[in-house]
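Notes to accompany the following structure.
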């Protein structure tokens, strides 16, 4: 018998893992990590009528909604830097938010119930976005009106900026903030998406 | 504070290698348990790392230690009957057994008879293509010692050691 060659040994050692299912092992690992509180930021990508959304949540709630035009890796790196590098793809935590978003897009849901983790917004922007969160389904406010609700009626530009950096779009409905004349105006996900959302809610002025 | 990538990236890039290392080190039956132990330990320690260089080696170092723990805890070291013989204090394996084990995907049973450093060195070198310098760091030894561990390990596997 010829002694085993390096090549054969290599092939045998490499092939050893062949039968084990990596995705099974990883799924069970995630479960255990969740149980032990080691998943500090869980994320999932979900489909929507507008494309792929990124949802990220901490133990406090949804901390980030990434719209289709946002780079996923960049968002995840920012979350790792801001909160903890224990950022993992663990879709189960995001299921309630995903279900509500599905129902919202189907026109069946008019108010989100999922808790929001507000830590990515600060200062005046935080006040603005809290005011935005209170705008009812189907209604709109102008940037000036939102600025007033946030405590500074003249800060309509700052209100616009705050909407632009909304970390949790859709759930915090910055699409319901429109220009004073009634035109929808800008939106993080693009003006067409804003129009489509306002149409969905029946609030688009013609 | 170090800029560390999201942990998911480590899973995406290195989980396959870690699992492969473990299957070859502790066998398919126990590999998943040790895989979990490895990554849970890594997750715990991760935020405290001072830098994100060489996370591949870092993970395999943890896997190596967990595999050693696993053996210490009294796991079976299965050697096929009739294939091994005591040779000068070590155990040598016949070529036939080695070939058969390779065919059956049970190479780990033969590798398991090696002492820990040789076992890990051989598996790292052949299952993950790790450079000798990195194997040395992982085993906390010199590069020369790492090469020796691979060489001696192979000799034992081939039954050449007297």
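Protein chains in written order, with this note's numbering: chain A, 623 to 828; chain B, 18 to 179.
Cβ atoms here follow ideal geometry from the backbone N, Cα and C, with glycine treated the same way.
Supposed close pair residue i, residue j - CB separation, criterion 8 Å
i, j, result
"residue 53 of chain B", "residue 654 of chain A", "6 Å"
"residue 64 of chain B", "residue 699 of chain A", "About 15 Å separates the two Cβ atoms, so there is no contact after all."
"residue 716 of chain A", "residue 722 of chain A", "Not a contact, Cβ separation roughly 10 Å."
"residue 647 of chain A", "residue 36 of chain B", "6 Å"
"residue 151 of chain B", "residue 74 of chain B", "5 Å"
"residue 751 of chain A", "residue 757 of chain A", "That belief does not hold up - the Cβ atoms of residue 751 of chain A and residue 757 of chain A are roughly 11 Å apart, past 8 Å."
"residue 661 of chain A", "residue 720 of chain A", "That belief does not hold up - the Cβ atoms of residue 661 of chain A and residue 720 of chain A are roughly 17 Å apart, past 8 Å."
"residue 733 of chain A", "residue 759 of chain A", "6 Å"
Proximal residues of chain B, C-beta to C-beta of residue i below 9 Å
i, result
"residue 709 of chain A", "22, 23, 24, 25 and 26"
"residue 658 of chain A", "57, 60 and 61"
"residue 698 of chain A", "22, 23, 25 and 26"
"residue 742 of chain A", "Residues of chain B passing the Cβ test: none, with the nearest at roughly 16 Å."
"residue 826 of chain A", "Ordered by position in chain B, no residue passes the 9 Å Cβ test against residue 826 of chain A, which lies about 38 Å from the chain."
Listed by chain order, chain B residues near residue i by CB distance under 7 Å
i, result
"residue 648 of chain A", "28 and 32"
"residue 703 of chain A", "20"
"residue 666 of chain A", "Those within 7 Å of residue 666 of chain A in chain B number zero; the least Cβ separation is about 11 Å."
"residue 655 of chain A", "57 and 60"
"residue 706 of chain A", "64"
"residue 689 of chain A", "Chain B residues near residue 689 of chain A: none, gap ~19 Å exceeds 7 Å."
"residue 716 of chain A", "What residue 716 of chain A touches in chain B: nothing, since even the nearest Cβ is about 14 Å away."
Chain-ordered neighbours of residue i on chain A, where CB pairs are closer than 8 Å
i, result
"residue 36 of chain B", "639, 642, 644 and 647"
Beta-carbon contacts of residue i that lie in its chain and below 7 Å, excluding the five residues immediately before and after
i, result
"residue 99 of chain B", "Low per-residue confidence applies at residue 99 of chain B: pLDDT is 45, beneath 50, and the placement is therefore not dependable, though the value from the model is reported in the following sentence. Taken in chain order, the list of residues that qualify is empty."
"residue 766 of chain A", "775, 778 and 802"
"residue 771 of chain A", "753"
"residue 81 of chain B", "137 and 155"
"residue 787 of chain A", "747"
"residue 103 of chain B", "Bear in mind that a pLDDT of 36 at residue 103 of chain B, under 50, signals an unreliable position, so the model cannot answer this."
"residue 680 of chain A", "662, 663, 705 and 739"
"residue 815 of chain A", "672 and 809"
Proximal residues of chain A, C-beta to C-beta of residue i below 9 Å
i, result
"residue 51 of chain B", "Correct list: empty, because the minimum Cβ distance to chain A is about 10 Å."
"residue 124 of chain B", "631, 634, 635, 637 and 638"
Neighbourhood of residue i by C-beta, 6 Å cutoff - its chain only, sequence neighbours within 5 removed
i, result
"residue 79 of chain B", "55, 58 and 59"
"residue 43 of chain B", "51, 84 and 87"
"residue 666 of chain A", "677, 713 and 716"
"residue 147 of chain B", "141"
"residue 162 of chain B", "none"
"residue 709 of chain A", "663, 698, 701 and 702"
"residue 690 of chain A", "672, 673 and 674"
"residue 166 of chain B", "134, 135 and 138"
In DSSP terms, what residue i is bridged to
i, result
"residue 763 of chain A", "A/799"
"residue 711 of chain A", "A/665"
"residue 679 of chain A", "A/664 and A/684"
"residue 670 of chain A", "A/673"
"residue 738 of chain A", "A/684"
Test: residue i CB closer than 9 Å to a CB of chain C
i, result
"residue 85 of chain B", "Note that chain C does not occur in the displayed structure, where the protein chains are A and B."
Same chain, Cβ closer than 8 Å to residue i, neighbours up to 5 away in sequence not counted
i, result
"residue 95 of chain B", "A caution first: residue 95 of chain B carries a pLDDT of 48, below 50, which makes its placement in the model unreliable, though a value can still be read off. Within the same chain, residue 95 of chain B has close Cβ partners 44, 126 and 129."
"residue 817 of chain A", "806 and 826"
Cβ-heavy atom distance, residue i to the ligand COA, below 8 Å
i, result
"residue 153 of chain B", "No copy of the ligand COA appears in this structure; indeed no ligand is present at all."
Residues that residue i contacts on chain B, provided the C-beta gap is smaller than 8 Å
i, result
"residue 751 of chain A", "The premise fails here: residue 751 of chain A is roughly 25 Å from chain B at the closest Cβ pair, so nothing lies under 8 Å."
Got a sec: which bits of the stretch 151-178 of chain B sit with their beta carbon under 9 Å from any beta carbon on chain A, in order along the chain?
Considering only beta carbons, the part of the stretch 151-178 of chain B lying closer than 9 Å to chain A consists of 171, 174, 175, 176 and 177, in chain order.
May I ask you to list, following chain order, the residues of the stretch 133-145 of chain B that have a beta carbon less than 7 Å from some beta carbon of chain A?
So the list reads 140, 143 and 144, given in the order they occur along the chain.
Name, going along the chain, the residues of the stretch 724-738 of chain A whose beta-carbon falls closer than 7 Å to a beta-carbon of chain B.
Cβ contacts with chain B: none found.
The stretch 670-684 of chain A: which residues have C-beta closer than 7 Å to a C-beta of chain B, in chain order?
Near chain B, meaning a CB-to-CB distance below 7 Å, no residue of the stretch 670-684 of chain A qualifies.
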